[in-house]
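Q: Counting from 1, one number per residue, gives the positions in the sequence shown under our numbering.
So that we are looking at the same thing, I have put the structure below in structure tokens.
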Amino acid sequence: MNKVKEYLRKGRHRVRRTLNRILPGARVNKIKNLSQLRARLQWIQVPAEVGSVKGQLWPEEQRALYALGAMAESPMLEIGAWLGLSATCLAKGILASGVSKEFITCELNPTPANYRRLPDGQIAFYYPPESEITMGACSPEVYENEIKPVVEHPEGVAGQLRANLKRVNVDSVVQIVTGDFKTALPVRKFRFIFTDTMHEPSEIRRNAPNLLKLVEDGTILACHDTTPENREELGNYFQFSESIQIKTLFIGVIKLRKDGEKGP
Ligand SMILES: C[S@@+](CC[C@H](N)C(=O)[O-])C[C@H]1O[C@@H](n2cnc3c(N)ncnc32)[C@H](O)[C@@H]1O
């Protein structure tokens, strides 16, 4: 009798393992909080289609965003989609959860007019194009190889984003809004925000006050390219009840100050 039970147990285990391999969503559905996300990260498999979207996210970051798409509550917001890699990971996670969620991605949609060469040869970004305030700069090589082909593409950044999301079958899950999130979105609260617009302390100082208006207690805030210096700057605006860091991806649960409390 014990042998039969053992045989059935092993059989169930084999079936579960096979299902997890062919249905990657099976695992992300079970992740309910950030510590589970960190503990199970290595077992998460993003759907193969994700690999066909260009972008710069570590595999671990892609897995984390996929799990966050499944775990996060609606409404969800992404700021900074570019060609849609992170949006695809999040949207695939939403589909894996089997739950219908509102998911908006907001993208500046820059054109070549937003870029100007500085006297030192660096290529600086301005928004709007007539602005005199630099939003960041990169080397001529990075501009030529990574940015120019995208912004000069006849379909523009937003057109390529839309086409990519359609090609990987997540266009029905993602709503694209073009413009600066500070003005393009109505002020409302989100339960999840992933932002790829907090790359350095000055950018955090520029964006955080507006981001604060979109969060509430318990909102999950995920920021890409978070260095220890950026984490410190974030702390001047946000408090977190728990947080994890996966490669350069910081993920925290917002804890709002109670009336009368001091500090950030
Ligand atoms: C590093 S890229 C995003 C990469 C993308 N998340 C991916 O997975 O490949 C940053 C993007 O943020 C956009 N962006 C920067 N500031 C923004 C703002 N204030 N509102 C909306 N989008 C913004 C830029 O146009 C750019 O496409």
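By construction, the Cβ of each residue, glycine as well, lies at the ideal position given by its N, Cα and C atoms.
Express the C-alpha separation of Leu65 and Lys255 in angstroms, rounding to a whole number.
A: Rounded to the nearest angstrom, the two C-alpha atoms are 21 angstroms apart.
Q: Note the first and the last residue of the continuous alpha helix (DSSP H) segment covering Glu242.
A: Note, Glu242: premise wrong, no alpha helix (DSSP H); beta strand (DSSP E) at 240–246.
Q: For Val326 and Val187, what's the separation of their Cα atoms in angstroms?
A: The first residue shown for the chain is 1 and the last is 264, placing residue 326 beyond what the model contains.
Q: Please find out if some non-hydrogen atom of ligand 2 comes closer than 7 angstroms to the beta-carbon of Pro110.
A: This structure does not include ligand 2; its bound ligands are ligand 1.
Q: By the 10 Å Cβ neighbour count, where 16 or more other Cβ atoms means buried, how is His153 classified, buried or exposed?
A: With fewer than 16 Cβ atoms within 10 Å of its Cβ, His153 is classed as exposed.
Q: Write down every uninterrupted run of the alpha helix (DSSP H) in the segment 76–142 whose length is 4 residues or greater and which is fully enclosed by it, in chain order.
A: Within the segment 76–142, the complete alpha helix (DSSP H) runs of at least 4 residues are 85–97.
Q: Ignore the nearest five residues each way along the sequence and tell me which others in Gly136's own chain have a CB closer than 8 angstroms to its CB.
A: If we look at Gly136 and ignore the five residues flanking it on each side, its Cβ neighbours are Ala124, Phe125, His199, Glu200, Glu203.
Q: Is Gly286 near ligand 1, in the sense that its beta carbon is under 7 angstroms from a heavy atom of that ligand?
A: This structure leaves residue 286 out entirely; the chain is present only between 1 and 264.
Q: Just the Cα atoms here: how many angstroms apart are Pro24 and Ile44?
A: Confidence at Pro24 is low in this model, with a pLDDT of 49, below 50, so the placement of that residue should be treated as unreliable; the coordinate-derived value is given next. Taking the straight line joining both Cα atoms gives about 7 angstroms.
Q: Does the count of Cβ pairs from the segment 169–184 and the segment 100–115 closer than 8 angstroms reach three?
A: Touching, yes.
Q: According to DSSP, is Ala222 part of a helix, a strand, or is it coil?
A: Here Ala222 sits in strand by DSSP.
Q: Decide if Glu6 is buried, meaning its Cβ has at least 16 other Cβ atoms within 10 Å, or exposed.
A: Exposed is the call here.
Q: Leu214 bridges to which residues according to DSSP?
A: Per DSSP, none; premise fails for Leu214.
Q: Where does Leu8 land, buried or exposed, given buried means 16+ other C-beta within 10 angstroms?
A: When all chains shown are included, Leu8 counts as exposed.
Q: Please classify Asn312 as buried or exposed, where buried requires at least 16 other C-beta atoms within 10 Å of its C-beta.
A: The question about residue 312 has no answer here: the residues shown for the chain are numbered 1 through 264.
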